[in-house]
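Colleague: Below you will find the structure I want to go over with you.
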Amino acid sequence: RPDLAAALRELRSQYEALAARNLQAAEDWYRARCARLHERAARSQEAVRASRREAGECRRQLQARLDKDRFLKQNIWKQLQRPNCSMPLPLQDTIGQLEDDLRNTKNEMARHLREYQDLLNVKMALDIEIAAYRKLLEGEETLFNMGSVGLPALSSLPNPTYSFEPRSFSSST
1 RPDLAAALRE LRSQYEALAA RNLQAAEDWY RARCARLHER AARSQEAVRA SRREAGECRR
61 QLQARLDKDR FLKQNIWKQL QRPNCSMPLP LQDTIGQLED DLRNTKNEMA RHLREYQDLL
121 NVKMALDIEI AAYRKLLEGE ETLFNMGSVG LPALSSLPNP TYSFEPRSFS SST
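Reading the sequence shown from the start, the letters are residues 1 to 173 in UniProt numbering.
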């Protein structure tokens, strides 16, 4: 009987030590994963901020070009409204160039807005993943805390089977 009780105490201490190591390993893995996710989120947030600044600058440039083009267009139409006035060839070239510039600027602005939206999507996905890992760790802590109160709480968990193989160590001197 005393040997059985001692063996049970030994098994219990081994099981508790194994559970503590497993919990520590899970927490270490979680912390490392969260650190990597936070780092990725920080990089993504910086990229989003940079894209916002770039999009704002593009928007300002586009607005300046639009204002300039509108002003030129109004002046051209005023000139064309005069009797016996035909549009000179250099002016037609300028109008064509300005229309091309306007079209290119709009395309560039659309590209920047798509990139900005992609970065926002990445940031949201990272935030969701961080929240999921946080919830997972909180659940593991709750489960471990319930198990540390007493063994009956652990009885609902599956009974793992462990095998211990003796190892021989020899020195190579």
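In this text, a Cβ means the ideal position worked out from N, Cα and C, and glycines have one as well.
State yes or no: is the C-beta of residue 41 within less than 8 Å of the C-beta of residue 123?
Modeller: Yes, they are a contact pair.
Colleague: Assign residue 112 to buried or exposed, taking buried as 16 or more other Cβ atoms, counted over all protein chains shown, within 10 Å of its Cβ.
Modeller: Answer is buried; the Cβ neighbour count reaches 16.
Colleague: Candidates 39, 103, 17, 137: which alpha carbon is nearest residue 63's?
Modeller: Of the candidates 39, 103, 17, 137, the one whose C-alpha sits nearest the C-alpha of residue 63 is 103.
Colleague: Whose C-alpha, out of 68, 129, 28, is nearest the C-alpha of residue 101?
Modeller: The option with the nearest alpha carbon to residue 101 is 68.
Colleague: So is residue 44 buried or exposed if we call it buried at 16+ other beta carbons inside 10 Å?
Modeller: Result: buried.
Colleague: Is it true that the CB of residue 133 sits closer than 8 Å to the CB of residue 37?
Modeller: Yes; because the gap between Cβ atoms is below 8 Å, this pair is in contact.
Colleague: Could you give the distance in angstroms between the alpha-carbon of residue 137 and the alpha-carbon of residue 99?
Modeller: Distance between the alpha carbons of residue 137 and residue 99 is about 57 Å.
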